[in-house]
Amino acid sequence: MFVDESLEDVEFLSNWKKEKNVTDSEAQTKELSVSEVAVQSVRRKDKQVQTEVEEQFGQIKLEDDNPELLEFVNRWEPFIRKQLGKNLRSHAFDGYGIQWDEEAEDLTLEHTLSHNEYSSDLQVTAVSWNSTGAVVGSALGRHDHEDWCTHKSVVCTWNLDRRTVQANKPDISIEMNGCIMSLSFHPTQPAILAAGTFNGEVIVWDTAKENDMVLATSGIGESSHREPVTDIQWVHNPSVKGFKYSILSVGGDGRVLHWRITSKNTLKILDGFGVFASKLPRSLRARGDQEVGLTSISYSNHEDTTFILGSNAGAIFKCSTTTSAVIRVNEPTSVELKDPVTLTFSPHKGPVHSVNLSPYHRHIFVSCGMDSSLRVYSLVQSDPIISIEPGEGYLHGSQWSPSRPLVLCTATANGTLLIYDLLQNSAVPVAKTQVSSSSLYCVKFNKNQPQLICTGNGAGQIHVYRLTDHLCNQDSRELKKLEEYADTALKN
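Numbering (this note's numbering), first residue to last: 107 to 598.
This is the structure in structure tokens:
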């Protein structure tokens, strides 16, 4: 009845499932940046305290009908009132201030700093205080270059607010190929530090980073300086996106370059200026197409378009950023160079080592140079208002006090730090100290802690001094006296 039978297989395609096509492809993501940061938790402790209930006392009005007391007050009150009025109008105590530290020295040595691995071979080429006034930075390099720089240099910083400052070991050391010739901390960001090299490069570091501190660099080439960057300064520039401060650098190639930091960690030139021999006084003039080597710059806090320049030729120039006159140069440049010079001052008899505009008057500035003279100028007059010759050799640095309008300092080739108070005597320093046996190459007041001043010498040492109160606290007559100095220029 029933028989086993093997039938053939029957296949049919699915009408609800379709075959998928598969293709292989490759993709690449950007390299992930990973960084580690150590953090420390905050320790907390609770403690209970109890205050005592303060007994409340009511006001008690005392009445005294003593006729003798009433008669005394009525008799002497008019005389006392009259005398108090005279005291208000009196000038007997003008300029007098209580000196709480009268027995203290005018200059007291606080720190002697150096880098034990470099100091014996290198000189201090620049110093700078950060925006808090707690950190001092220095550049160790050489001034005596004959040709291309092959030195190893180092940038060092010390935090002087720490309980223990290691005088021979900086908190941060940045080693460089080639000498650092100029240095400047950011005006508001305490960890940002800009520098200029002997090879013409401008570098910006973020010293808060543990690795790869370089924030931006100009590189070396047509878009940068072709000679040493001799001075560098931050300037306030609200129009620049991101960073509200930009950088002005000056070099031995006669150029002033205006930089901004880009988001790509590069420095981009905003503007460029050039100073040529045609702008020199006749007594110094050479071929008109030659660049004038620049040594120093000071940007005005009062007029955001004005700055002054010192030069190797001894000339000092008043300059403006609003110029539109383009200079023709033979060598290719990445930006048009403009002629910024609006006035040339009576020159020094040798290279100018420093210029510094007064923070208290828009027309007054100080300069010093290889001719051993310290000069005070007005921007409205070519001849100096005051000329001082300390007789201490070359003068390598000069600066106005950030807290005293008529106090200024200078550093000498004899290793002496001199402090002048123009309110008392313009010819004789009110404070003087022999810092070292080697030359002082730089000096800098601490803007946020004006009682501190630092110097850098040829032995690779940074000395930090504390000034006495009378050199820091402003005298009531100073601003008026400073205005009188400025007025003498207008009358001439």
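Beta carbons are placed, not taken as given, at the ideal position from N, Cα and C, and that holds for glycine.
- Secondary structure at residue 251: coil, using DSSP grouped into helix, strand and coil.
- In the three-state reduction of the DSSP assignment, residue 502 falls in the strand class.
- Per DSSP, residue 283 is one residue of the beta strand (DSSP E) stretching across 278-283.
- Annotated three-state conformation of residue 459 is strand, per DSSP.
- In this structure residue 231 is not in contact with residue 567, their Cβ atoms being roughly 13 Å apart against a cut-off of 8 Å.
- For residue 364, the number of other beta carbons within 10 angstroms of its own is at least 16, and it is reported as buried.
- Taking a cut-off of 8 Å for Cβ pairs, the segment 570-578 and the segment 550-561 touch, as three or more such pairs fall below it.
- The beta carbon of residue 339 is closer than 7 Å to those of 290, 354, 403 and 405 in its chain, skipping five residues each way along the sequence.
- Contact between the segment 325-335 and the segment 298-313 is present: three or more C-beta pairs spanning the two stretches fall below 8 Å.
- For residue 179, the enclosing alpha helix (DSSP H) has its first and last residue at 173-195.
- Assignment of residue 466 by DSSP, reduced to helix, strand and coil, places it in the coil class.
- The three-state secondary structure of residue 228, taken from DSSP, is coil.
- Taking residue 593 as reference, the option from 425, 531 and 467 with the minimal CA-CA separation is 467.
- Residue 397 carries a strand assignment under DSSP once its states are collapsed to helix, strand and coil.
- For residue 398, the closest C-alpha among the options 409, 386 and 228 is that of 386.
- Between residue 562 and residue 544, the gap from beta carbon to beta carbon reaches 8 Å or more.
- Residue 553 is positioned such that its CB atom lies closer than 8 Å to that of residue 235.
- Bridge pairing for residue 537: 525 [DSSP].
- For residue 376, the CB contacts under 6 Å within the same chain, skipping 5 residues up- and downstream, are 364 and 366 in chain order.
- Excluding sequence positions up to five before and after residue 441, its CB lies within less than 6 Å of the CB of 375 and 378, all in the same chain and listed in chain order.
- Taking a C-beta distance under 8 Å as the contact criterion, residue 294 and residue 237 qualify as a contact pair.
- In this structure, residue 518 and residue 496 form a Cβ contact; the two beta carbons are roughly 7 Å apart against a cut-off of 8 Å.
- Within the model, the alpha-carbon separation for residue 421 versus residue 501 is close to 16 Å.
- The residue among 418, 282 and 520 with its C-alpha nearest the C-alpha of residue 461 is 418.
- In the structure shown, residue 312 falls within a strand segment according to DSSP collapsed to helix, strand and coil.
- Around the beta carbon of residue 537, 16 or more other beta carbons lie within 10 angstroms, which makes this residue buried.
- Bounds of the alpha helix (DSSP H) holding residue 588 are 584-597.
- For residue 572, the enclosing beta strand (DSSP E) covers residues 568-573.
- Residue 184 sits exposed, since fewer than 16 C-beta atoms from the chains shown fall within 10 Å of its C-beta.
- Nearest to residue 464 by alpha-carbon distance, out of 382, 428, 479 and 551, is 551.
- Around the beta-carbon of residue 280, 16 or more other beta-carbon atoms lie within 10 Å, marking it buried.
- The straight-line gap separating the alpha-carbon atoms of residue 388 and residue 508 is approximately 36 Å.
- Going by beta carbons, residue 336 and residue 287 fall inside the 8 Å limit.
- Residue 577 sits in a helix when the DSSP states are folded into three classes.
- The DSSP assignment places complete beta strand (DSSP E) segments of no fewer than 3 residues inside the segment 409-439 at 412-417 and 422-426, in order along the chain.
- In this structure, the alpha-carbon of residue 178 lies about 12 Å from that of residue 186.
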